[in-house]
Every structure is written in structure tokens, then in C-alpha cells.
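As C-alpha cells, the structure follows; a few thoughts come after it.
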Amino acid sequence: MKDVHCLVVSIFDFQRLSPLFDTIGNTVYEEPVRMFYAKQFVNDKDDLDSMVQGTHIVFDAYQYENKISAKFHGYDVFVQNSWPEDFEVSIEEAKDTLSENSPNIGPKSLKFEHRVLAHMIATTLLPRTGSFITLTTRDIFVLYFVKNKRLDWFVWICSHMLESIKDISSFAAYLPYGLLISHILEVMKVDLVHFSPKLILGTYDNTAFAMLDYTLSEDGCARHVKIGSTLVQTHSSAANNLQQIQQGLDGVKTMLISMKEQVDKIRDVTKEKGIDVSKLMMDMGATKRQGIRAFNSMTEKMDKLTKEDETSYDSCCTEVINTLKYFLGRN
């Protein structure tokens, strides 16, 4: 992001989140992290407390700031499913500042910086399971806040940890802040020798930005919604043609089976006297003509399909047509 002067970087610096991500690294010990959550509780000082491999871990502000080299201060209200009372703006007003399509606000209606931030919030800062195609109340609150006012991320992260262990289903599905907890376990010299670390390699690169409907270049990030729309339409048209071709193939297959049965009958009756072989030959000719009509109809659809996407379907078209010509062209 720094290479394209993305504003998200300056937002992370403003929120003092950059030292956090620069410090924790990209290694996670899944089983020890699971132990951390399994034994986590709130002690009499209202700090998070846990035990991993015999090591007592207190997750308080001092320990956090000392190990992460980041000191947070700012707004500490933890929003879950309701907008804070007596806040400076309503949720509708917040939506208006983030999107032109409010109240139907969603990730695709956000501008680039907000969309990347929304993805980071949902996957890293306040991670959750499920679909990311909608924005939660908390997403909207944080997005409104991060550019102009600081958040006390230590309070938010601790609160989200507690939320995760209280919700059994979410805890079973993911381990929030696995990288952060793994780093703390390493700093506190917890015995991790019997556990294999998992390397997290996901980054915000060309592929990640493309999934967010943006193209990354030297000049920055450009949205390509229209291109995506065209691709969807082409895919839909191709899928319809393929379905029609499949139906045509089924019809030709039926004709070929019928022709084989007729040929077998002819072979059998030629061994008997007094049977009208010419009638069976006429029936076989009619069957063959039906097969040819089905073949011609399918060929037209294949031609249409290959014109729309020649590189993808040319090989398939050639193989299918040659096979049908082989069967239908035989005497």
C-alpha cells in the first residue's frame, strides 16, 4: 500500500496501528492460541487473564503497550449491535458520509479507502465469521470514526476477545488475534517447541485488490466495476449457450442410440426369411435425419458460443463436432 500512496496507511499511522502490525509478524500457533482462549477469564482488576503451557499471562494495558510498542488512547465505547446513545451523529448520518447509496450501504458502495478498511476491520481488527457483503453497525461506526478520531484499540481488542469466548459458535469457527497472541506467547518465552507454527502469507496485492473490484497500478487504484459487469454478462450468456448445447447433445445421443438399435435389428432380421428389410432401412434413415437436424441445430449454437469466447471453447467445439460427424456421416 505504501508503494501506491494509499490513504489507508496514513489512517493506520493516525490510529497508531502501524506499530502493531509491524511488530506481531506473520506466524500463528493455532493450538496454543486455542489454549489461551479456553482458559481466559477476567480477573479482579478487570484485566484478561489466562494460562498457556504453565505460563501465567495477564493481558493488561501495560503488558500490551510494552510488548507491542504501541500506546493507544481514544474512544473506548465498544459497539456491537446498537449505535451509541447521544453520539455526535446518527447511524443514518454516518452512512451518508460513507456512501452515496445510503441507507442501502454496502462494501461495493464505499470508496476505495473505506472499502479496504472495511475488509481489514472484518478480517483483522475486529474479525468475524460469515459474509462480508454487508456492513455491521460496528463496521459503520469504526469506518466513520477512524479518519477523524482515535480509538482505544486495546479496549476494543480486549472486548472483542471476551465477545469471542462468550459466543461458543464464533470461537469454534475462528481464533481472533491469533498473530497477536502468538507474538505475546513468544515474547513471554512460553514453551512452544512441540507446536508447529503456521505462516500467514495473505497480503493486499493485485489479486486482493481485484477481489475488491479495483485494479492496482503505479498511479494508484482504479475501480473496474464495468469490466466486472461485462464479465458477468458474458459468463451468463455462455452458460445459457452451454445449457442449450447440453440439451442438443442429449438429443443427438438419443438419436445415436436409436440408430444403433435399428442397425442391430437389421443385422438380426437379415438372417431370417420373409422379413421386410427395406421397411427397417427406411426407419433407420428417418432416425438418421432426425439426428442430423439435431446436430445442425447444435452446431449453430456452438458457432455462436465460439464467436463469443473463441479462446475458451474452440477446442471443445472442434472435438464435439468431429465426433458427431464421425457417427452421423457413416453409412
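When we follow this note's numbering, the leftmost residue of the sequence shown carries the number 607, and every step to the right adds one. C-beta: ideal position from N, C-alpha, C; glycine also.
Exercise for the section: Just mark residue 690 as buried or exposed, buried being the case when its beta carbon has 16 or more other beta carbons within 10 Å. Expected result: Translated into positions along the sequence shown, residue 690 becomes position 84. Exposed, since its Cβ has fewer than 16 Cβ neighbours within 10 Å.
Problem - Residue from 750, 782, 771, 781 with nearest C-alpha to residue 645 - result: Position 39 of the sequence shown, counted from the first residue, corresponds to residue 645. Nearest of 750, 782, 771, 781 to residue 645, Cα basis: 771.
Problem - Contact the stretch 692 to 706 vs the stretch 727 to 734: 3+ CB pairs below 8 Å - result: no
Exercise for the section: Could you pull out every residue in the same chain whose Cβ sits closer than 6 Å to the Cβ of residue 796, ignoring the five residues on either side in sequence? Expected result: Locating residue 796 in the sequence shown gives position 190, counting from the first residue. Around residue 796: 658, 659, 661.
Problem - Sheet register partners of residue 655 (DSSP bridge) - result: Counting from 1 along the sequence shown, the entry for residue 655 is found at position 49. Per DSSP, 647, 664.
Handout entry: Alpha carbon of residue 842 to alpha carbon of residue 760, nearest angstrom
Key = The residue labelled residue 842 in the question sits at position 236 within the sequence shown. The residue labelled residue 760 in the question sits at position 154 within the sequence shown. In this prediction, residue 842 scores a pLDDT of 46, lower than 50, which makes its location untrustworthy; no coordinate-derived value is stated.
Handout entry: C-alpha gap between residue 620 and residue 712, whole angstroms
Key = Numbered from 1 along the sequence shown, position 14 holds the residue referred to as residue 620. Numbered from 1 along the sequence shown, position 106 holds the residue referred to as residue 712. Between residue 620 and residue 712, the C-alpha separation is close to 25 Å.
Exercise for the section: Could you please give the first and the last residue of the uninterrupted alpha helix (DSSP H) stretch that includes residue 747? Expected result: Taking the first residue of the sequence shown as position 1, residue 747 is located at position 141. Residues 743 to 752.
Problem - Between the CA atoms of residue 668 and residue 741 - distance to the nearest angstrom - result: Here residue 741 refers to the residue found at position 135 of the sequence shown. Here residue 668 refers to the residue found at position 62 of the sequence shown. Their backbone Cα atoms lie some 33 Å apart in a straight line.
Exercise for the section: Kindly indicate the opening and closing residues of the alpha helix (DSSP H) around residue 802. Expected result: Position 196 of the sequence shown holds residue 802. Element bounds for residue 802: n/a, residue is neither H nor E.
Problem - Closest by C-alpha distance to residue 629, when choosing among 616, 641, 786, 745 - result: Mapped onto the sequence shown, residue 629 falls at position 23. Among 616, 641, 786, 745, the Cα nearest to that of residue 629 is on 786.
Exercise for the section: Quickly, what does DSSP pair residue 685 with across the bridge? List them, please. Expected result: Numbered from 1 along the sequence shown, position 79 holds the residue referred to as residue 685. Residue 685 pairs with nothing; no bridge assigned.
Exercise for the section: Could you tell me if residue 723 is buried or exposed, where buried requires 16 or more neighbouring beta carbons within 10 angstroms of its beta carbon? Expected result: As a working note, residue 723 is residue 117 in the sequence shown. Result: buried.
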